[in-house]
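Asks: One structure is given below, represented as structure tokens, and several questions about it will come after.
Number of protein chains: 2
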Amino acid sequence: MTYLFTRDASLGYVSVEGSGRRGTSVAGNDKANLPVTSRDVARETNVSQSTVSLVLNGKAEGRVSQATRELIQATAARLGYQPNVSAQMLRTGVGKTLAFAVPDIQQPFFGEVLVAAEVAAREKGYSVLLVDTATDPLWSERLVGMIRSRLIAGCITYTPDAEAEAKFADVADRIVMVESETPGLSGVDLTIDAAMKSVVGHLAGLGHRKIGHFAALYPKLTFRSRHAAFLAEIERIGLTTDPLWHAASTFEIDAATEAARQLIATGVTAIACDDDLLAGAAYRAARQLGLSIPDDLSVVGFNDVELARLLHPELTTVNIPADRLGREAIRRLLSKLDGKSTRTKPTMVELSLILRQSTARHGNG
Amino acid sequence: MTYLFTRDASLGYVSVEGSGRRGTSVAGNDKANLPVTSRDVARETNVSQSTVSLVLNGKAEGRVSQATRELIQATAARLGYQPNVSAQMLRTGVGKTLAFAVPDIQQPFFGEVLVAAEVAAREKGYSVLLVDTATDPLWSERLVGMIRSRLIAGCITYTPDAEAEAKFADVADRIVMVESETPGLSGVDLTIDAAMKSVVGHLAGLGHRKIGHFAALYPKLTFRSRHAAFLAEIERIGLTTDPLWHAASTFEIDAATEAARQLIATGVTAIACDDDLLAGAAYRAARQLGLSIPDDLSVVGFNDVELARLLHPELTTVNIPADRLGREAIRRLLSKLDGKSTRTKPTMVELSLILRQSTARHGNG
DNA sequence: TCCCTTGAGTCAAACGTATGACTTACCTGT
DNA sequence: ACAGGTAAGTCATACGTTTGACTCAAGGGA
Chain A
1 MTYLFTRDAS LGYVSVEGSG RRGTSVAGND KANLPVTSRD VARETNVSQS
51 TVSLVLNGKA EGRVSQATRE LIQATAARLG YQPNVSAQML RTGVGKTLAF
101 AVPDIQQPFF GEVLVAAEVA AREKGYSVLL VDTATDPLWS ERLVGMIRSR
151 LIAGCITYTP DAEAEAKFAD VADRIVMVES ETPGLSGVDL TIDAAMKSVV
201 GHLAGLGHRK IGHFAALYPK LTFRSRHAAF LAEIERIGLT TDPLWHAAST
251 FEIDAATEAA RQLIATGVTA IACDDDLLAG AAYRAARQLG LSIPDDLSVV
301 GFNDVELARL LHPELTTVNI PADRLGREAI RRLLSKLDGK STRTKPTMVE
351 LSLILRQSTA RHGNG
Chain B
366 MTYLFTRDAS LGYVSVEGSG RRGTSVAGND KANLPVTSRD VARETNVSQS
416 TVSLVLNGKA EGRVSQATRE LIQATAARLG YQPNVSAQML RTGVGKTLAF
466 AVPDIQQPFF GEVLVAAEVA AREKGYSVLL VDTATDPLWS ERLVGMIRSR
516 LIAGCITYTP DAEAEAKFAD VADRIVMVES ETPGLSGVDL TIDAAMKSVV
566 GHLAGLGHRK IGHFAALYPK LTFRSRHAAF LAEIERIGLT TDPLWHAAST
616 FEIDAATEAA RQLIATGVTA IACDDDLLAG AAYRAARQLG LSIPDDLSVV
666 GFNDVELARL LHPELTTVNI PADRLGREAI RRLLSKLDGK STRTKPTMVE
716 LSLILRQSTA RHGNG
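Read top to bottom, the protein sequences are chains A and B. Oh and the first sequence: position 73 is 73 in my numbering, straight run, nothing missing. Position in the second sequence (first residue = 1) + 365 = my numbering.
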């Protein structure tokens with residue numbers, strides 16, 4: 001037989017025959033670990049539960065006296081009252097949790113973005129749920145489910161794929177995409193073209209004529225853009241290119257090194273990489289081939305993660321301001337959830353080329 | 366004037382004068398974006414809401430016929446029903462969200478741990494909330510608050526500090542600590558001592574007599590342990606040490622390089638680093654001093670992040686199996702939440718020294 | 001005296017789900 | 001023909017909040 005403990009204003013906890021969740025307690029005075037509810041602080045203060053709610057939500061304007069207000073605040077603090085978020089969500093229909101989906105959290109770059117987002121979200125009272133799309137084939141369904149089930153108020157997806165984007169169609173008003181696959185769907189975008197233009201311009205300016213491109217082998221718009229921008233600029237300034245001068249690889253380090261080696265073997269004197277990690281692989285390949293950077297080979301990276309400064313020589317690379325990216329994404333999402341924003345044009349985040357020691361004039365060795 | 370839409374079993378949506386959340390709709394047939402509830406699928410199936418709930422939770426054993434069961438499943442799927450998580454939580458008192466607090470998500474190592482944890486959690490139907498303790502001074506209070514308010518069912522904290530651990534005391538049954546500050550409080554621990562022992566043994570075995578230690582300047586037990594284990598092993602095998610051979614730095618790259626340079630200048634022939642990043646800084650310092658690794662200086666790292674293989678020469682370092690760590694932490698937490706586990710001894714995760722090219726015999730150059 | 005306002009609260013109805021206690025109709029054995 | 005059993009559901013309540021509608025007493029003017 002189990003017991004149900006009901007609460008009585010005068011007697012405190014009273015045991016009543018029956019059953020229920022509270023039945024795990026074994027005695028009327030055992031209120032260990034029972035969460036403190038607004039009703040508890042109401043009873044303690046001799047007011048109604050409504051009054052407590054009103055006061056604690058700052059909606060007591062002209063409805064509750066200053067004295068009572070303070071008493072309730074104090075009691076709530078004393079009892080360690082924490083509103084039950086589920087009940088709040090259920091009642092109000094809106095929660096304070098956001099999700100942030102990144103392609104691969106193990107890449108330090110996304111870590112930086114995520115931290116910035118988390119900070120920005122927290123400032124507005126939101127928490128952020130982590131979703132790593134690399135490890136979860138069903139991430140998009142799951143995300144849509146979470147939005148539908150109100151577990152999260154909204155979410156940000158960093159470089160979703162086209163397939164996923166289609167699934168987001170009917171919850172689009174709660175999603176912000178960063179570097180979306182579909183043109184015009186992005187809430188936040190990067191100035192990839194301009195950045196790659198300055199990379200090519202920099203290398204050409206140093207006298208390089210055979211410039212290779214080392215692409216990331218992932219079907220993301222951002223990488224396609226990098227490649228397209230590279231080609232466009234090469235063409236614009238009147239340089240030639242060759243299919244052989246284009247390599248691609250995943251981020252797996254040995255595979256990338258091998259791909260880089262083949263690329264270097266074609267005789268290019270400079271390489272523009274789609275990612276700092278790939279640049280790191282190019283360094284390894286160059287060493288294996290007995291070439292010295294930057295004297296025999298110039299290398300430029302992309303992203304500017306910490307690794308860029310740990311490589312030797314330090315890597316010239318395109319900086320993406322991860323913190324700004326994270327912040328802006330959250331800002332967009334929150335204003336979208338508020339219903340305030342009707343902006344359709346993406347927020348642009350500007351990239352910049354950071355010159356370090358991995359590039360040098362060609363033909364002065 | 367606003368309208369309240371109530372639901373009538375025979376008529377579907379009926380408009381009734383009044384007010385409420387649904388009042389944003391302007392006509393009875395406008396049910397756009399109203400979440401589908403269990404009651405909706407009940408009405409559609411001509412059964413009661415209870416039946417739907419029973420079926421969808423797999424508790425229909427002997428209570429609902431196979432035919433009805435299938436009909437309900439199908440209808441739920443057709444309408445795209447997703448249970449309202451808040452309501453579930455409110456009713457059952459338990460949610461399916463966990464938090465994972467890491468010291469610094471920008472360190473790739475924690476990214477790996479987090480991913481493993483997320484995967485393990487997802488397998489059990491849980492989501493994980495990200496908490497970065499570096500960016501949030503109030504993280505421990507917030508975490509306790511989340512547990513109290515039932516937003517999260519439990520959490521994992523990676524290397525909390527003593528102060529934070531004290532705050533967790535009264536929600537200890539919902540927290541698993543990894544590498545806790547307080548001896549005996551850890552749910553998961555690493556074999557730091559054994560690892561550092563093999564580091565020192567390896568270097569001593571190569572003939573090094575002046576072995577330096579490059580510590581991480583953070584007040585964490587894990588780093589104190591590394592230092593203590595280093596000293597203990599040096600002493601055990603009868604080597605001498607000198608206060609000058611001990612340097613410490615944060616992970617800020619320029620500061621670390623400077624500290625490493627001073628350490629190397631004391632004439633040590635080998636350095637055991639508390640972290641791969643610090644080893645990376647040691648590489649930079651060695652280059653600045655014109656020393657070659659491993660011929661003039663042997664370096665050993667700790668953690669074995671991707672960087673270890675991108676450095677040149679590739680770094681000999683202590684591998685921490687991040688994925689196992691993440692998985693075990695989640696496993697511990699879930700079994701703790703189940704109330705099944707009464708284990709008090711931590712799960713030990715074994716580290717291993719990975720030999721690469723950054724160490725060499727001393728005195729053969 | 002009576003009516004009206006204002007300050008200080010209280011009431012009660014949701015939000016969507018989960019579940020122990022009922023109900024009802026049908027079947028089986030004697 | 002009837003007690004007893006079982007299969008297939010339904011009912012009602014509770015979880016803890018939020019919030020528009022209501023109450024009630026005291027004070028103020030005419």
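Quick reminder that beta carbons are idealized off the backbone N, C-alpha and C, glycines included.
Do SER298 of chain A and LEU231 of chain A have their beta-carbon atoms positioned less than 8 Å apart in this structure?
Replies: Numbered from 1 along the first sequence, position 231 holds the residue referred to as residue 231 of chain A. Numbered from 1 along the first sequence, position 298 holds the residue referred to as residue 298 of chain A. Going by C-beta atoms, LEU231 of chain A is not nearer than 8 Å to SER298 of chain A.
Asks: Helix, strand or coil: how does DSSP classify PHE251 of chain A here?
Replies: The count along the first sequence starts at 1 and reaches residue 251 of chain A at position 251. The answer is coil: DSSP assigns PHE251 of chain A none of H, G, I, E or B.
Asks: ALA134 of chain A: which of A:LEU114, A:ARG150, A:GLY154 and A:ALA101 sits nearest, CA to CA?
Replies: Residue numbering aside, residue 134 of chain A sits at position 134 when the first sequence is read from its first letter. Comparing Cα-Cα distances from ALA134 of chain A to each of A:LEU114, A:ARG150, A:GLY154 and A:ALA101, the minimum goes to A:ALA101.
Asks: Spatial neighbours of LYS575 of chain B within its chain, please: C-beta separation below 7 Å, excluding the five flanking residues on both sides.
Replies: Residue numbering aside, residue 575 of chain B sits at position 210 when the second sequence is read from its first letter. Closer than 7 Å at the Cβ level, and outside the excluded window around LYS575 of chain B, lie TRP610, GLY632, VAL633 and THR634.
Asks: Cα separation between GLY95 of chain A and ARG174 of chain A?
Replies: Counting from 1 along the first sequence, the entry for residue 95 of chain A is found at position 95. Counting from 1 along the first sequence, the entry for residue 174 of chain A is found at position 174. Between GLY95 of chain A and ARG174 of chain A, the C-alpha separation is close to 12 Å.
Asks: So is THR135 of chain A in contact with chain B if we call contact Cβ pairs under 8 Å?
Replies: Here residue 135 of chain A corresponds to residue number 135 of the first sequence, with the count starting at 1. Closer than 8 Å: yes.
Asks: Going by DSSP in three states, HIS727 of chain B sits in which element: helix, strand or coil?
Replies: Residue mapping note: residue 727 of chain B aligns to position 362 of the second sequence, counting from 1. Correct three-state label for HIS727 of chain B: coil.
Asks: Taking 8 Å as the threshold, find out whether the segment 435-450 of chain B comes into contact with the segment 62-72 of chain A through three or more Cβ pairs.
Replies: Segments in contact, no.
Asks: Alpha carbon to alpha carbon, how far is LEU479 of chain B from GLY691 of chain B?
Replies: As a position in the second sequence, residue 479 of chain B is number 114, starting the count at 1. As a position in the second sequence, residue 691 of chain B is number 326, starting the count at 1. Cα to Cα, the separation comes out at about 6 Å.
Asks: Please report the straight-line C-alpha distance between ALA194 of chain A and PRO321 of chain A, rounded to a whole angstrom.
Replies: Taking the first sequence and counting its residues from 1, the one referred to as residue 194 of chain A is at position 194. Taking the first sequence and counting its residues from 1, the one referred to as residue 321 of chain A is at position 321. So the two alpha carbons sit approximately 15 Å from each other.
Asks: Within this structure, are the beta carbons of SER492 of chain B and PRO83 of chain A separated by less than 8 Å?
Replies: Mapped onto the second sequence, residue 492 of chain B falls at position 127. Mapped onto the first sequence, residue 83 of chain A falls at position 83. For SER492 of chain B and PRO83 of chain A, no; Cβs fall outside 8 Å.
Asks: ASN422 of chain B: buried (16+ other C-beta within 10 angstroms of its C-beta) or exposed?
Replies: By 1-based counting over the second sequence, the position of residue 422 of chain B is 57. Exposed is the call here.
Asks: Kindly indicate if chain A contains any beta-carbon less than 8 Å away from that of GLN414 of chain B.
Replies: If you number the second sequence from 1, residue 414 of chain B lands on position 49. Not one chain A Cβ lies under 8 Å of GLN414 of chain B.
Asks: Rounded to the nearest angstrom, how far is the Cβ of ASP274 of chain A from that of ALA216 of chain A, given a contact under 8 Å?
Replies: Here residue 274 of chain A is taken as the residue at index 274 of the first sequence, counted from 1. Here residue 216 of chain A is taken as the residue at index 216 of the first sequence, counted from 1. A Cβ-Cβ distance of about 4 Å is found for the pair ASP274 of chain A and ALA216 of chain A, placing them in contact under the 8 Å criterion.
Asks: At the level of alpha carbons, what is the spacing between GLY12 of chain A and VAL47 of chain A?
Replies: On the first sequence, residue 12 of chain A is found 12 positions in, with the first residue counted as 1. On the first sequence, residue 47 of chain A is found 47 positions in, with the first residue counted as 1. Residue placement at GLY12 of chain A is flagged as unreliable, the pLDDT there being 28, under the threshold of 50; the coordinate-derived value follows with that caveat. Going from the Cα of GLY12 of chain A to the Cα of VAL47 of chain A covers about 15 Å.
Asks: Under 8 Å Cβ to Cβ from ILE192 of chain A, same chain only, skipping five residues before and after it: list those, please.
Replies: Within the first sequence, residue 192 of chain A is the residue found at index 192, counting from 1. Only THR222, SER225, ARG226, ALA229 and LEU351 meet the Cβ criterion.
Asks: State the Cα-Cα distance for the pair PRO678 of chain B and TYR648 of chain B, rounded to the nearest angstrom.
Replies: Position 313 of the second sequence, counted from the first residue, corresponds to residue 678 of chain B. Position 283 of the second sequence, counted from the first residue, corresponds to residue 648 of chain B. Approximately 9 Å between the Cα atoms of the pair.
Asks: Nearest CA to the CA of LEU352 of chain B: which residue from B:ALA630, B:ASP641, B:ILE636 and B:ALA644?
Replies: What the structure shows of chain B is the stretch from 366 to 730, and residue 352 of chain B is not part of that stretch, so it cannot be assessed.
Asks: I think PRO711 of chain B touches GLY519 of chain B, with their Cβ atoms under 8 Å apart; what is that distance to the nearest whole Å?
Replies: Taking the first residue of the second sequence as position 1, residue 711 of chain B is located at position 346. Taking the first residue of the second sequence as position 1, residue 519 of chain B is located at position 154. About 17 Å; that fails the 8 Å criterion.
Asks: For ALA621 of chain B, does the three-state DSSP call read helix, strand or coil?
Replies: In the second sequence, the residue the question calls residue 621 of chain B occupies position 256. Helix at ALA621 of chain B.
Asks: DSSP three-state call for ALA651 of chain B: helix, strand or coil?
Replies: Translated into positions along the second sequence, residue 651 of chain B becomes position 286. Three-state result, ALA651 of chain B: helix.
Asks: In this structure, how does DSSP classify ALA527 of chain B when only helix, strand and coil are distinguished?
Replies: As a first step, residue 527 of chain B is located in the second sequence; it is residue number 162 there, counting from the start. Three-state result, ALA527 of chain B: helix.
Asks: Does the beta carbon of PRO608 of chain B sit closer than 8 Å to a beta carbon anywhere in chain A?
Replies: Here residue 608 of chain B is taken as the residue at index 243 of the second sequence, counted from 1. By this cut-off, PRO608 of chain B is not an interface position.
Asks: Would you check if the distance between the CB atom of PRO103 of chain A and the CB atom of THR159 of chain A is smaller than 8 Å?
Replies: Within the first sequence, numbered from 1, the residue matching residue 103 of chain A stands at position 103. Within the first sequence, numbered from 1, the residue matching residue 159 of chain A stands at position 159. Going by C-beta atoms, PRO103 of chain A is nearer than 8 Å to THR159 of chain A.
Asks: Do ILE512 of chain B and VAL536 of chain B have their C-beta atoms within less than 8 Å of each other?
Replies: Position 147 of the second sequence holds residue 512 of chain B. Position 171 of the second sequence holds residue 536 of chain B. A contact, by the Cβ cut-off of 8 Å.
Asks: Let's see if you can read the secondary structure: which residues bound the beta strand (DSSP E) around ALA466 of chain B?
Replies: On the second sequence, position 101 is the one that residue 466 of chain B refers to. Element bounds for ALA466 of chain B: 462-467.
Asks: Rounded to a whole number of angstroms, what is the C-alpha to C-alpha distance between LEU353 of chain A and LEU278 of chain A?
Replies: Your numbering for residue 353 of chain A matches position 353 in the first sequence. Your numbering for residue 278 of chain A matches position 278 in the first sequence. Between LEU353 of chain A and LEU278 of chain A, the C-alpha separation is close to 17 Å.
Asks: Please check if any C-beta of chain A sits within less than 8 Å of the C-beta of GLU435 of chain B.
Replies: In the second sequence, counting from the first residue as 1, residue 435 of chain B sits at position 70. With 8 Å as the cut-off, GLU435 of chain B does not count as an interface residue toward chain A.
Asks: According to DSSP, what are the bridge partners of SER663 of chain B?
Replies: Numbered from its first residue, the second sequence carries residue 663 of chain B at position 298. BP columns for SER663 of chain B point to B:ALA635.
Asks: Look up HIS227 of chain A in the DSSP assignment and say whether it is helix, strand or coil.
Replies: Walking along the first sequence from the start, residue 227 of chain A turns up at place 227. In the displayed model, HIS227 of chain A falls within a helix according to three-state DSSP.
Asks: Quick one, are the C-beta atoms of ILE470 of chain B and LEU495 of chain B less than 8 Å apart?
Replies: Taking the second sequence and counting its residues from 1, the one referred to as residue 470 of chain B is at position 105. Taking the second sequence and counting its residues from 1, the one referred to as residue 495 of chain B is at position 130. Yes, the Cβ-Cβ distance between ILE470 of chain B and LEU495 of chain B is below 8 Å.
Asks: Which of the residues in the segment 176-197 of chain A, read from start to end, lie with their CB under 7 Å from any CB of chain B?
Replies: none
Asks: Let's test the definition: count the other Cβ atoms within 10 Å of the Cβ of MET348 of chain A and tell me whether it reaches 16, buried, or not, exposed.
Replies: Stepping through the first sequence from its first residue, residue 348 of chain A is reached at position 348. Looking at its Cβ environment, which holds fewer than 16 other Cβ atoms inside 10 Å, MET348 of chain A is exposed.
Asks: In chain order, what residues of the same chain have a beta carbon less than 8 Å from the beta carbon of HIS727 of chain B, not counting five sequence neighbours either side?
Replies: Here the question's residue 727 of chain B lines up with position 362 in the second sequence. Result list for HIS727 of chain B: LEU571, GLY572, HIS573, ARG574, THR634, ALA635 and SER663, in chain order.
Asks: Go through its chain and collect everything with a Cβ distance to SER198 of chain A's Cβ below 6 Å, but skip five positions before and after it.
Replies: Sequence index remark: in the first sequence, residue 198 of chain A carries index 198 (1-based). Excluding sequence neighbours, SER198 of chain A sits near LEU353.
Asks: Using a beta-carbon distance cut-off of less than 7 Å, what residues from the segment 129-156 of chain A approach chain B?
Replies: LEU129, LEU130, ASP132, THR135, ASP136, GLY145, ARG148, SER149, ARG150 and LEU151
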